Every structure is written in structure tokens, then in C-alpha cells.
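A short worksheet on the structure shown next.
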Amino acid sequence: MYGTGEPVIQTFGLTKNFKGKLAVENLSLTVYRGDIYAFLGQNGAGKSTTIKMLLGLLYPTQGYAKVLYAKVPGELSKVLPKIGVVTESPAFYPYLTGEENLRIYAKLLGIRSEKKIRDVLSKVNLLGVKQKFSEYSQGMKQRLALALALLNDPELLILDEPTNGLDPQGMYEIKNMIKDLNREGVTIFLSSHLLSEVQEMATRVGVIHRGRLIAEGSVDELLTFGDRLTLMASPRELVLNVLKENSMVKGFNEDGDKFLVYVDKEHISRLNRELVNAGIDVFALIPVRSTLEDFFISITGENNYASNRTLQTL
Amino acid sequence: MLAIELYKLFKQRQIYYTFLGTIFLVVILIIVAKSGANLELQLQTGSTIDLRPLINAYFVMGFTLTIGMPFLLPLFVSLNTSNIFTREFAEGTIKTYLVRIGGRKRIFIAKVIVNIVITSLLLLFTGIISFSLGALFFGTETRTFISPLLPIPIPFSWEDNFLPAYFYSCVCLITVASLSVLWSVTSNSTGETLLKTLSTVILLNVLSNIQRIKPFLFTSYLDIWSKAWSDPIPWAELNRSSLILLLHSLGFIVLAYLFFAKKDVTC
Chain Z
13 MYGTGEPVIQ
23 TFGLTKNFKG
33 KLAVENLSLT
43 VYRGDIYAFL
53 GQNGAGKSTT
63 IKMLLGLLYP
73 TQGYAKVLYA
83 KVPGELSKVL
93 PKIGVVTESP
103 AFYPYLTGEE
113 NLRIYAKLLG
123 IRSEKKIRDV
133 LSKVNLLGVK
143 QKFSEYSQGM
153 KQRLALALAL
163 LNDPELLILD
173 EPTNGLDPQG
183 MYEIKNMIKD
193 LNREGVTIFL
203 SSHLLSEVQE
213 MATRVGVIHR
223 GRLIAEGSVD
233 ELLTFGDRLT
243 LMASPRELVL
253 NVLKENSMVK
263 GFNEDGDKFL
273 VYVDKEHISR
283 LNRELVNAGI
293 DVFALIPVRS
303 TLEDFFISIT
313 GENNYASNRT
323 LQTL
Chain E
925 MLAIELYKLF
935 KQRQIYYTFL
945 GTIFLVVILI
955 IVAKSGANLE
965 LQLQTGSTID
975 LRPLINAYFV
985 MGFTLTIGMP
995 FLLPLFVSLN
1005 TSNIFTREFA
1015 EGTIKTYLVR
1025 IGGRKRIFIA
1035 KVIVNIVITS
1045 LLLLFTGIIS
1055 FSLGALFFGT
1065 ETRTFISPLL
1075 PIPIPFSWED
1085 NFLPAYFYSC
1095 VCLITVASLS
1105 VLWSVTSNST
1115 GETLLKTLST
1125 VILLNVLSNI
1135 QRIKPFLFTS
1145 YLDIWSKAWS
1155 DPIPWAELNR
1165 SSLILLLHSL
1175 GFIVLAYLFF
1185 AKKDVTC
């Protein structure tokens, strides 16, 4: 399902400063109804901080957010019954079983049906588990958090690393569950570092790097950011000069003795000509199909030359 | 939400430790009384009074307050408060609570009410257990009870002595609990809350030796309950002191709410 154009999450210049350390800077993103929006970033990039601000756990230093039209954090409690959340490192009362934990939240959410609790527990394969939460494995904790997120039949799911700690089977199940929920009309906002997983299901992607949103768009848009070429050429310094100066080149990474170059298809032959004219020996110029992972690395990696250009486009 | 808060509270093993603690206090008192230890009280006149014939259920009930109020009961109250507030931060459950239920004010008020309820319950339990165990071991025949200074066998009155003593003790402990709420929303571990609360009480107790600032320190009023043993009972002073303590409690809670409402939940 693709977004309908109605924004369900919007942030406006969201900034969070932790005692002088800028965790999120001037972040403006939009998630549309029906989206599976993947919020990507390296560890410490600012994903969880952003999600915590969306959920009213952290107060922005500057800017604000709207979730389901409610201004956060002031009006958030009005829309919480329509939202399901899985936070980073889910926490429940350790002295209660999973079912007892869910029953507490069900009562507080006004859900009287025991069947509903059993249904969500069954959905995440925790039905009948009598262990206390303190005895749960990381995967079980994650699944219980998902069960709680689904308890109130949310129209928006906010998931912070939902497959964290799950085994491959668990990850596969969660991925399918997310797709199914989205088909049923639930908008999903999820943060992840599992790019191949995300590429399969995300309709839109936002990339955060060092607290700044450096790319946002549909997966198709981002992957056509530039056709990727593997370039093998020498001498290195000359190649670097041409790639840096050439306006056709949208970005490139240096990877050992190769260069991964982003350039539109129609400019490939011209680039080849310019490299040769500059006295460079071109040994190979091979088109490669881009993945989300390639794109992510190209704009967040240490040896990339694309970030600044991408920032200018946002 | 109140019912849920109480349910959560009584599901925690730590809460029962404080109730067990009060039983332990009474049992120790009874063992000492039964052991034939020297229980003589030296009066200012130089003469002594043998306390043993005076010991009965009322004596135990009154003496439990005398022993417990200066330190142990405030300690138990702080422990309970940190289980209500700080533990949620320490274990990260406050995060789940906030993102599912929202409304920090609602959550805070529910927790404060539960805190007052558990403090009152603890004191009620202390009264019941000390009277029951006292009655079991010493009977209830002699109607005497003890003042903070010396035993005064006066006609006993539930209404004029024991109920006020326990009521004003409750006011004192609620003030300690409120202080503990303030520290618990600014702490990351239950130990930290405990340490901050008791340190504050001890520090202010020391400072209350300075007569000029004594009237402004809430710790100067934490022994008002003992005035209920006086004859006649200074009701006006008791009520004025209670009002001062309740105003302090309100101040601590408002301050705690301001912290809680603006606190970043980073767990």
C-alpha cells in the first residue's frame, strides 16, 4: 500500500540537544497514511531520539511534531489509543507474566475482551507462556512489545528496531505481519538497520545521519538517484580529481582499487570519454544494480562524496 | 488507573519487605520485654520505674511508634515510594506506560495517591500488628501507655491518645513520602532515592538545632505525633504543626510534578 497524501506524522525542524551534544538537528520528515516508512540510520544517528520525541518521551529543544494531527507532546494522549508502539529495548513489569502485563494495559486502554489479549499473544506466538517477563529472552520481549502494540488495533504503528533480537524465523514472521497490517490499512513507521529487509517492504525511506535527515523519498526514487557503476581506473589521484570535479557524477565511494560511481545512464559514455581524455587508463566500467544498502552506504559511509550534494537536494 | 497502580504495587515482593519489617520491629520489642532485660526508666528525680508491669498491648502499640518513627518507618515509606516511582524509571517501564497511556499528570496523580494509600496502610498495619502481638504476649488488662519521656499510667482513651497519635504519625510519614516522591522523580535508582530522602531528613534534623531556622524546617514537626501522649493534649499546636507538614507535602509534590512533567525519559 502506498501513502495517500494525508500526512500522519510530520516533524518541523525537530532538534534535540543533550547537554551540548546535538542528537537530532532540524529534522523535517513526513509520513503519509498507508506508508511503510523506513527510518534508516547507523547506530547513534538519532533514530531512537527522533522516535522518542514523536512519542513525547523526550522534549524537543527546538521544532515540533504532529502525529495524527495532534501536536506532540501536548495533545499526544488524545491520539495514543490509535497508535501502536514498539520502543527500543521494550520494558514491561518484570514480576508479571506477559499476559498479566498485557491485561494491565488492556484495562487502561479500556479493552475488556480477554479474547483480544489471547489473539495478540497468539499472533506473536506467546500464548500460554507462563514465564515472568524477567525470564523472557530478547526475542520474546520484542514479540510481547509487538503484541502490546497491536492490542488496540492501531491505525499507526511506530516501531523502533522491531526485529531486534529475533531469530531469522521470527524476523520473517514480523516482516510478513508488517506487510499484512499495511495491507489492512495500518501506516507503519519503522526504524531499522536491516536494509535488505526494509527494501522489500518499505514504500518510503528517510535516512538520518549524525542527527540530520540526508535523504527522503520512495524506494524507487532513491534507487534511481544515480545508476551505479563500478569503475576500475588509474592513476587514483587523477580519477579522484575527475570524479570530484565532474558535474555528471552524483556521488562516489572509493572501495579498494575500485570506485563506485553514481551517474545517470545517459552520461556513462561521456564520463568514460572524459576520463580517457584526462589521461586515465580505464580498465572497467561496469553498471551495477543499486540496492538500498548501496545507497545507504554511499550517503553515510566515511569514504563517500555524495552526502553534501544530497543534503543540498533536501 | 488507581486500581492498576495498587495491583502493580502489591505484585512487587519488595513492598512486603516493609510490612515484614514492621513485624520484625514489634517482635524484637516483645523479645526484649520477654527476655527479662533491665527495662527500668530513670526519671529526672533520680528514681527509677520498672516498665515490665506496665507492658501490655497498648504499651507495645505506643512504644512501636516511639521506636519506629525516628528512622525505621520513614525508611520503609521511602522504600515504598521508590518502588512506586523510581523503579519505573530504572526498569524502563515508565516508557511503555507513557507511550501506551500518555498523560503524565494522570499517571503522576495516580502514583501520588497510591503512595499516600500505601503509607497509611503501612502505619495502620503497624498499629494492628503491634496491638495484636502485644495482646497475644502481654494481654490488654492494664490500661497504661508510654509517653516519649516516661510511662504515665493515665486513663487510656482510644479517641484522645492512640487515634491522634497514629493520625499525626500518618501526617508526618506522608510528608516524608512526599519528599521521597520529589527525590524519586529525579533519581535513577531506588537506592539513590532512599539515600537522598534520608540524608535530607537527617541533615535538616541537624540544622533544626539552629533555633532561628527551626520553625521553617519540616523536620522540626516530625515528632508532633508524640504530643498525643501529653495530658492535656495541645490540639491547637498539633493542628498548626500538621498544617505546616501538609503544606510542605503539597510543595514537595508540586515540585515533583514540575520535574516529572518536563523530564526526558531516556531509558
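These protein sequence lines are chains Z and E, in that order. With positions in the first sequence counted from 1, the corresponding number in this note's numbering is that position plus 12. With positions in the second sequence counted from 1, the corresponding number in this note's numbering is that position plus 924. Virtual Cβ for every residue (Gly too), placed ideally from N, Cα, C. These numbers were taken from a predicted model, which means no experiment stands behind them.
Paired residues, beta bridge with residue i - DSSP
i: ASP269(Z); result: ASP269(Z) is not bridged to any residue.
i: GLU228(Z); result: GLY218(Z)
i: VAL132(Z); result: According to DSSP, VAL132(Z) bridges with nothing at all.
i: ASN1129(E); result: Per DSSP, none; premise fails for ASN1129(E).
i: GLN211(Z); result: GLN211(Z) pairs with nothing; no bridge assigned.
i: GLY263(Z); result: TYR274(Z)
i: ILE95(Z); result: LEU168(Z)
i: ILE200(Z); result: ILE48(Z), LEU169(Z)
i: ASP293(Z); result: SER246(Z)
Short Cβ contact (8 Å threshold) for residue i with residue j
i: THR988(E); j: LEU953(E); result: yes
i: VAL97(Z); j: ILE170(Z); result: yes
i: LEU202(Z); j: ALA50(Z); result: yes
i: LEU121(Z); j: PRO93(Z); result: yes
i: GLN938(E); j: LEU1003(E); result: yes
i: LEU168(Z); j: ILE63(Z); result: no
i: GLY1058(E); j: MET993(E); result: no
i: ASP172(Z); j: THR99(Z); result: yes
i: VAL84(Z); j: THR61(Z); result: no
i: ASN200(Z); j: LEU207(Z); result: In the sequence as displayed, the identity of residue 200(Z) is Ile instead of Asn. It is not a contact, given that the beta carbons lie outside the stated cut-off.
i: LEU225(Z); j: LEU41(Z); result: yes
i: VAL1095(E); j: LEU1170(E); result: yes
i: GLY1016(E); j: SER101(Z); result: yes
i: LYS932(E); j: TYR117(Z); result: no
i: ALA1014(E); j: SER1113(E); result: yes
i: ASP232(Z); j: ASP276(Z); result: no
i: LEU926(E); j: ILE1037(E); result: yes
i: LEU1047(E); j: LEU1097(E); result: yes
i: THR73(Z); j: ASN113(Z); result: no
Cβ separation of residue i and residue j, assumed to be a contact under 8 Å, to the nearest whole Å
i: HIS279(Z); j: GLY53(Z); result: Between GLY53(Z) and HIS279(Z) the Cβ distance is about 30 Å, and since that is not below 8 Å, they are no contact.
i: ILE129(Z); j: GLU111(Z); result: 7 Å
i: PHE895(E); j: THR946(E); result: This structure does not reach residue 895(E), given that chain E is present from 925 up to 1191, and the question cannot be answered.
i: LEU158(Z); j: PRO174(Z); result: 7 Å
Reduced DSSP secondary structure (H/G/I, E/B, other) of residue i
i: SER1002(E); result: helix
i: TYR44(Z); result: strand
i: GLY17(Z); result: coil
i: PRO977(E); result: helix
i: PHE995(E); result: coil
i: ILE1134(E); result: coil
i: PHE1009(E); result: coil
i: ARG282(Z); result: helix
i: LYS191(Z); result: helix
i: ILE1053(E); result: helix
i: LYS64(Z); result: helix
i: ASN258(Z); result: coil
i: LYS90(Z); result: helix
i: ALA1180(E); result: helix
i: GLN324(Z); result: In this prediction, GLN324(Z) scores a pLDDT of 30, lower than 50, which makes its location untrustworthy; the coordinate-derived value is nonetheless stated afterwards. Helix at GLN324(Z).
i: PRO299(Z); result: strand
i: ALA103(Z); result: coil
i: ARG240(Z); result: strand
i: VAL84(Z); result: strand
i: SER1154(E); result: coil
i: TYR327(Z); result: The structure shown has nothing for residue 327(Z), since chain Z only spans 13 to 326.
i: ASN164(Z); result: coil
i: ASP1147(E); result: coil
i: LYS78(Z); result: strand
i: LYS33(Z); result: strand
i: LEU953(E); result: helix
i: LYS28(Z); result: strand
i: PRO1189(E); result: According to the sequence provided, residue 1189(E) is Val. The question's Pro does not apply to it. Note: VAL1189(E) maps to coil in three-state DSSP.
i: ASN1039(E); result: helix
Counting Cβ pairs closer than 8 Å, one from the segment 84 to 91 of chain Z and one from the segment 241 to 252 of chain Z, do we hit at least three?
-> no
Say whether the segment 1170 to 1179 of chain E touches the segment 1103 to 1110 of chain E, bearing in mind that this needs 3 or more beta-carbon pairs closer than 8 Å, one atom from each stretch.
-> yes
Could you tell me whether the segment 1142 to 1157 of chain E touches the segment 1123 to 1130 of chain E, where touching means 3 or more Cβ pairs closer than 8 Å?
-> yes
Is the number of C-beta pairs between the segment 32 to 48 of chain Z and the segment 209 to 216 of chain Z that are closer than 8 Å three or more?
-> yes
Could you tell me whether the segment 267 to 284 of chain Z touches the segment 227 to 243 of chain Z, where touching means 3 or more Cβ pairs closer than 8 Å?
-> yes
If you pair each beta-carbon of the segment 76 to 87 of chain Z with each one of the segment 179 to 186 of chain Z, do three or more pairs fall below 8 Å?
-> no
Evaluate the contact criterion for the segment 1018 to 1035 of chain E versus the segment 1110 to 1117 of chain E: three or more CB pairs, one atom per stretch, below 8 Å.
-> no
Stretch-stretch touch, CB-based, cutoff 8 Å, three pairs: the segment 255 to 262 of chain Z with the segment 283 to 297 of chain Z | yes
Taking 8 Å as the threshold, find out whether the segment 1043 to 1057 of chain E comes into contact with the segment 147 to 156 of chain Z through three or more Cβ pairs.
-> no
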